[in-house]
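*Asks:* Those protein sequence lines, which keep their order, are chains A and B. Here the first sequence stands for residues 1076 to 1234, numbered as in this note's numbering. Here the second sequence stands for residues 362 to 866, numbered as in this note's numbering.
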Amino acid sequence: MTLLLPFAAAALFGVGTYLVLQRQLSRIVIGIGLLGHGTNVLFVISARGRGEPPFVGSSDGGEMTDPLPEALALTAIVITFGVTAFLLALAYRSWIVTRHDEVDDDVEDRLIARRGLRPTPAEDGEADEPGEGEEDRGAGADGHAPLGSGAPAGTAEGR
Amino acid sequence: MTALVALPLVLPLTGAALSIIVGRWRMAQRVIGLVTLATVAGLSIALLVRVDDVGPTAVQAGDWDAPVGITLVADRLAAIMLTVSSLVLLAVLLFAMGQRGVEQTHVGFHPVYLVLTAGIGASFLTGDLFNLFVSFEVMLTASYVLITLGGRPEQVRAGMTYVVISLLASTLFLATLAFTYAVSGTVNMADLGVKLADAPDGIRSALALLLVVVFGVKAALFPLYFWLPDAYPTAPSPVTAVFAGLLTKVGVYALIRTQTVMFPGDGRPGTLLLVAAGATMVVGVLGAIAQDDVKRILSFQVVSQIGYAVMGLGLFTLAGLAGAIVYLVQTIVVKTALFLTAGLIEESEGTGRLARIGGLVHRAPVVAGLFLVSALGLVGVPPFSGFVAKLALVSAGLAEDQYAIVAVSLLVSLLALFAMMRIWTGAFWGEAERSARAVAGPQAQSVDRQDVRPLGGPPLMVLSTVAVAALSLAVAVAAGPLYDLCLRAAADLVDPAAYIGAVLG
């Protein structure tokens, strides 16, 4: 029991970390869920050992378990649940606007990195590398493009 | 007195609930938002005066005694931060109302903004590590919504990175909480300050370092800063202003609070923090120089400034902590003013790209003046507010013989001046290469390029920006009393006995 739980937590953290390092959003979401479970197991470990259920009157005199870590874990579960739901909604929105399930690089970073190599105006040099994640430079720069007008760049590898 | 400590959280949450109920009427939402934030600002000032008078004050929610129940504590540091943040939040709300943007198109803006206010207030006032986590989550969840409000593809992409990184930091925070509880059997910060003193040195350093990483992500400390310049510029202007001004500073506040109260005595990660602070300053300012967009330059500057605040903490002396607090106060105000000015530039030009704008000094002299005051304040040119804060930090560093970090901080100030001059020459001097308004969409005003508007933007936006810039000047004018106040706040941190006494009774 005492050894099993730390190993379970370690496994959850390991798998979760691996999944979070992937590019696909769906895997990242699952990875974050697993990391959340790992921390909940850590909370259970931090209660140190077994005991009677911590209800007043239900115990027959034996030592009770510490109820606080369970309360903390419950709160953490609720928060993780809410935020994961938001993350899923965001992933769905990302699928709607880009038609693929990958986390894109920062467009501006790419432009600036390329500017160091090639002294061309940044705006002109972007059409030649599809699938790099440049969803609609116009919307990015000006913020006035209507919703969903982003060019579906990267459709191919998303499917 | 009890109410004074609790109301800064209770009022915004109540306001948020009311704001959802009256969601159909935007005017009612505005009245609720303004009244709530103005009241919170008033209460914070009252709290600051009171706490400065009588010392740290603790409130036990539901009358459960300290290590068991939920504790709210207001000491000088918390009250200072609460006051500054509530004033800034109020000004930014006014700015958002003046802008034709998310505030008008989204029913959710006002409730979420109030929840953000509550989260920030709770982070400052909570006396317990787990509730610090909960407050951070309240604040961050509100920020997830605000940063993706509008749902443009770019926002979704940046928001995704932001949410995932924040969630990872939160998970690590939870793991740290579990470790802390396993070691000490408590999550109350004051109680931890007493109990962790008995813990083995290795365990204490491990916990301290875990907390540095957790809050380092939230505060954008090197090497954990990379998400910030990516995420912040995509949000609507008022939202970016609040995020840049406040959210990372809440992370620094949490860093200061936990490192001083929970880990008293020696063995603090001072050198590590100083190295990280120096690297943060350098990387942030170099990133800012490379950028081509006003908001992105300013976002990298946010990173750079976090370094200064952490430098004060890394010294772990009275003068260093006082300098850090002064710096936090001035950087919140100045940074918000700068981002609001950037919002004005985008409002009038339709873009923030330096290549496309120019000559603003003729067309919008008020905006130019606002930018100049805030930019010089940020860089620290005397007599503006940044000078006072940096002087405090530099003299604290010299007093400790930390010449390397002092040299880095001065060099970075020079580079920051260069980054700000790039905005000045790019946006305010010269001529626009091509008319941005011609390519801009419906948001840009249909004004001729030669047309000079007296304020350079919608009156409410300009006036709220003026208010924040004036606040930054007030920081410079009232530098003496402010520094004395921060010294008293730092004294509470160097010797947390008063804090611990107030909580544990």
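We put the CB at the ideal spot given by N, CA and C, even for glycine. Here the structure is a predicted model, which is why all the values come from computation and not from measurement.
May I ask you to list the residues that DSSP assigns as paired with R714 of chain B?
*Replies:* B:D654
*Asks:* Using beta carbons (cut-off 9 Å, strictly below), is R1185 of chain A in contact with chain B?
*Replies:* no
*Asks:* Pick from B:T826, B:A780 and B:L538: whose alpha carbon is nearest that of F661 of chain B?
*Replies:* B:A780
*Asks:* By DSSP, does T1195 of chain A sit in helix, in strand, or in coil?
*Replies:* Because the pLDDT at T1195 of chain A is just 49, under 50, the model does not fix this residue reliably, and the point stays unresolved.
*Asks:* Would you be able to state if there are at least three C-beta pairs under 8 Å between the segment 452-466 of chain B and the segment 518-525 of chain B?
*Replies:* no
*Asks:* Could you confirm whether any beta carbon from chain B is found closer than 9 Å to the beta carbon of E1201 of chain A?
*Replies:* Model confidence at E1201 of chain A stands at a pLDDT of 43, short of 50, so the residue's coordinates are unreliable; what they give is reported in the following sentence. Taking Cβ atoms only, chain B never reaches closer than 9 Å to E1201 of chain A, which makes this a no.
*Asks:* Residues of the segment 495-515 of chain B with a CB closer than 7 Å to any CB of chain A: list them in chain order, please.
*Replies:* V495, E498, T502, Y505, T509, G512, R513, P514 and E515
*Asks:* Mind checking if G1208 of chain A is an interface residue toward chain B, Cβ cutoff 9 Å exclusive?
*Replies:* Annotation note: pLDDT 40 at G1208 of chain A (below 50); position unreliable, coordinate value reported separately. Yes, its Cβ sits closer than 9 Å to a Cβ of chain B.
*Asks:* What's the C-alpha gap between G1106 of chain A and W785 of chain B?
*Replies:* 45 Å
*Asks:* If I follow the unbroken alpha helix (DSSP H) through T1140 of chain A, where does it start and stop?
*Replies:* Here T1140 of chain A belongs to no alpha helix (DSSP H), and DSSP marks it neither H nor E.
*Asks:* What does a CB cutoff of less than 6 Å around D1141 of chain A pick up in its chain, not counting 5 residues either side in sequence?
*Replies:* Same-chain partners within the cutoff: A1122.
*Asks:* State whether the segment 532-549 of chain B contacts the segment 487-495 of chain B, with contact taken as three or more CB pairs (one from each stretch) at a distance under 8 Å.
*Replies:* yes
*Asks:* May I ask which residues mark the beginning and end of the beta strand (DSSP E) holding L433 of chain B?
*Replies:* T432 to A435
*Asks:* From what residue to what residue does the alpha helix (DSSP H) around L780 of chain B run?
*Replies:* This sequence places Ala at residue 780 of chain B; Leu is not what is there. Looking at the DSSP string, the run of the alpha helix (DSSP H) that includes A780 of chain B is Y764 to I784.
*Asks:* Pull up the DSSP beta-bridge partners for E1177 of chain A, would you.
*Replies:* A:Q1099
*Asks:* Quick one: does M782 of chain B have its CB under 9 Å from some CB of chain A?
*Replies:* Judged by the 9 Å Cβ criterion, M782 of chain B is not in contact with chain A.
*Asks:* Taking only beta-carbon atoms, is F456 of chain B less than 9 Å away from chain A?
*Replies:* no
*Asks:* Could you name the residues of the same chain whose beta carbon sits closer than 6 Å to that of V1090 of chain A, not counting the 5 residues immediately before and after it, in chain order?
*Replies:* L1109
*Asks:* Mind pulling the chain A residues with CB within less than 9 Å of M442 of chain B?
*Replies:* Within 9 Å Cβ-Cβ: nothing; M442 of chain B doesn't reach chain A, min ~23 Å.
*Asks:* L607 of chain B to T375 of chain B, Cα distance in whole Å?
*Replies:* 22 Å
*Asks:* Kindly indicate which three-state DSSP category T487 of chain B falls into: helix, strand or coil?
*Replies:* strand
*Asks:* Is there a Cβ of chain A sitting closer than 9 Å to that of Q666 of chain B, yes or no?
*Replies:* no
*Asks:* For the alpha helix (DSSP H) that contains V555 of chain B, what are its first and last residues?
*Replies:* It spans M550 to K556 - the alpha helix (DSSP H) in which V555 of chain B sits, taken as one unbroken run.
*Asks:* Per DSSP, what kind of secondary structure is E1183 of chain A in: helix, strand or coil?
*Replies:* helix
*Asks:* Quick test of the definition: if touching needs 3 or more C-beta pairs under 8 Å, does the segment 425-442 of chain B touch the segment 605-619 of chain B?
*Replies:* yes
*Asks:* For Y542 of chain B, which residues in chain A fall below 7 Å Cβ to Cβ?
*Replies:* Those are S1121 and P1144, listed as they occur along chain A.
*Asks:* Starting from L1087 of chain A, find everything on chain B with Cβ-Cβ shorter than 8 Å and list it in chain order.
*Replies:* What L1087 of chain A touches in chain B: nothing, since even the nearest Cβ is about 11 Å away.
*Asks:* Among B:G841, B:V420, B:A377 and B:I393, which has the Cα closest to the Cα of T363 of chain B?
*Replies:* B:V420
*Asks:* Contact check, F583 of chain B vs T641 of chain B under 8 Å by CB: the rounded distance?
*Replies:* 4 Å
*Asks:* Would a check of beta-carbon distances place F491 of chain B closer than 9 Å to chain A?
*Replies:* yes
*Asks:* Which of the three DSSP states is assigned to V338 of chain B in this structure?
*Replies:* Given that chain B is displayed from residue 362 to residue 866, the structure contains no residue 338 of chain B and the question cannot be resolved.
*Asks:* Find the residues of chain B that neighbour L1162 of chain A, judging by a C-beta separation of less than 9 Å, and give them in chain order.
*Replies:* Chain B residues near L1162 of chain A: Y505, M521, V524, V525 and L528.
*Asks:* For A569 of chain B and P630 of chain B, which I take to be in contact (beta-carbon distance under 8 Å), what is that distance rounded to the nearest angstrom?
*Replies:* 6 Å
*Asks:* Shortest alpha-carbon distance to L699 of chain B belongs to which of B:V728, B:Y614 and B:L408?
*Replies:* B:V728
*Asks:* Is the Cβ-Cβ distance between K579 of chain B and F497 of chain B less than 9 Å?
*Replies:* yes
*Asks:* Take L1165 of chain A as the anchor and find which of B:R513, B:G713 and B:L409 has the nearest alpha-carbon.
*Replies:* B:R513
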